[in-house]
Structures are given as structure tokens and as C-alpha cells.
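S.K.: Numbering (UniProt numbering), first residue to last: 1 to 215.
No residue lacks a Cβ here, since even glycine has one placed at the ideal position from N, Cα and C.
Small disclaimer: the values here were computed from a predicted structure and weren't measured.
Pasting in a structure now, in C-alpha cells, and then I'll have a few things to ask.
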């Protein structure tokens with residue numbers, strides 16, 4: 001296959017992926033912002049997330065900053081600024097902050113030197129734990145521990161569920177197709193001797209099949 005065709009084709013196979021902006025800052029205070037569609041959950045206790053860093057092309061500002069400071073932020077992209085987020089994939093020079101070029105705002109909290117995206121409605125600070133090289137394709141798996149979470153309170157439900165659909169969080173398919181989601185249902189904890197049932201959005205009560213769609 002042609003290289004560009006192959007990249008689009010293979011990237012489409014995994015379906016919908018999360019879209020996040022990773023914010024970093026170097027030791028001199030120069031900020032950087034880059035879009036990633038490979039952020040994944042690794043565990044809840046400790047709270048670990050990871051993302052894939054592509055092979056070294058000589059200008060991996062995000063990784064250089066993470067190694068230097070050991071801190072970064074992950075900011076979910078919403079419908080209000082997905083176009084600006086996409087533009088962050090352009091190769092801007094290190095001395096030019098994507099925040100400025102994309103008209104996105106930096107925000108900070110105490111003891112965290114990495115910048116958050118103020119416009120993001122769900123974001124968290126991460127401390128580097130380890131970097132695992134992937135010899136098969138020369139990528140790196142960056143693992144970090146979540147230390148702080150900032151989320152619109154209205155999206156946080158009684159059982160800890162975060163309603164990312166209410167935050168208008170977007171997802172991506174392929175390399176460049178952005179989507180918003182439509183929830184089908186929340187389902188109860190699966191047990192071998194009992195079929196799962198629908199539960200309410202906040203997780204506080206079961207919803208019978210007969211009541212489905214009547215609210």
C-alpha cells in the first residue's frame with residue numbers, strides 16, 4: 001500500500017479512540033501541547049494511565065519535557081475546541097508554544113509545573129512512573145500515575161461514574177475523523193448466574209426492561 005493510505009487504513013481498524021491534549025513544560029518554562037489518541041487506562045489503584053510515543057524523529061518535545069520534569073497533564077478534548085486540538089499535530093518549533101498558536105489558555109494548580117488546558121472540562125495531572133521501549137516498532141509506552149483530577153462537578157455521578165457525554169467529549173476514528181457519542185445504556189455488574197440489567201445514569205437504581213425508553 002501507499003504509505004499514507006496504509007496509515008489511514010490501519011489507524012481505522014481499532015475503531016473509536018480517545019482524544020487528549022498532553023501539556024508539558026521544559027525546565028526553562030517553555031510550554032508544549034500535543035494531541036494523542038493512544039491514552040489508555042492501566043489501573044485504578046494506583047491510578048495509572050499510559051500513552052504511546054512514536055519513534056524518535058529528532059523533535060519529540062513532549063517526551064523530552066516529560067523526562068526532564070517528570071510531570072505532564074492529560075486534557076480531554078471537547079466539541080468546543082476539537083479543531084484547535086487537531087491543529088496541535090502540526091510541527092511547530094520548540095520555542096513556539098502551541099497554546100499561543102491555537103488560542104488555548106494555560107492554567108496551573110499548586111505544585112504542578114505542567115500546564116492544563118483551561119478549556120478542557122476533564123483533565124488530570126500525571127507523574128511519570130516508567131517508560132517501556134517497544135522493540136517491535138521502536139515506539140515507547142509512557143506510564144504515569146494520576147495525582148490530581150479537575151472535572152466539571154455536574155458530570156460526576158453518585159457512584160463515581162463520569163458522564164463524559166455530558167462534557168461533549170469527542171472521539172476520533174482513523175487519523176482525522178472526529179465524533180461525538182450517543183449513550184446506549186449503563187449496565188449492571190456482570191455475574192455468571194444473572195443477566196445484566198440497565199441502571200440509571202447515576203448508578204443508584206436498576207431500570208427494568210419495561211421502563212426502558214419511557215422516562
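1. Does DSSP put residue 66 in a helix, a strand or coil?
2. How about residue 114 and residue 24: do their beta carbons lie closer than 9 Å?
3. Express the C-alpha separation of residue 174 and residue 9 in angstroms, rounding to a whole number.
4. Bridge partners of residue 107, per DSSP?
5. Do you know offhand how far residue 66's Cα is from residue 118's?
6. When burial is assigned at 16 or more other CB atoms within 10 Å of the CB, is residue 16 buried or exposed?
7. Name the two residues that bound the continuous alpha helix (DSSP H) containing residue 82.
8. Measuring CB atoms only, is the region 41-56 touching the region 124-142, in the sense that at least three cross pairs come out at less than 8 Å?
9. Three-state secondary structure (DSSP) at residue 98?
M.R.: This is what the structure holds:
1. Helix.
2. Result yes, Cβ atoms of residue 114 and residue 24 sit closer than 9 Å.
3. Across the structure, residue 9 and residue 174 are spaced so that their CA atoms are roughly 7 Å apart.
4. Bridge pairing for residue 107: 116 [DSSP].
5. Near 20 Å, if we compare the C-alpha coordinates of residue 118 and residue 66.
6. Around the beta-carbon of residue 16, fewer than 16 other beta-carbon atoms lie within 10 Å, marking it exposed.
7. If you look at residue 82, you'll find it in the alpha helix (DSSP H) that goes 82-87.
8. Yes: the two stretches touch, three or more of their Cβ pairs being nearer than 8 Å.
9. Taken through DSSP and simplified to helix, strand or coil, residue 98 comes out as helix.
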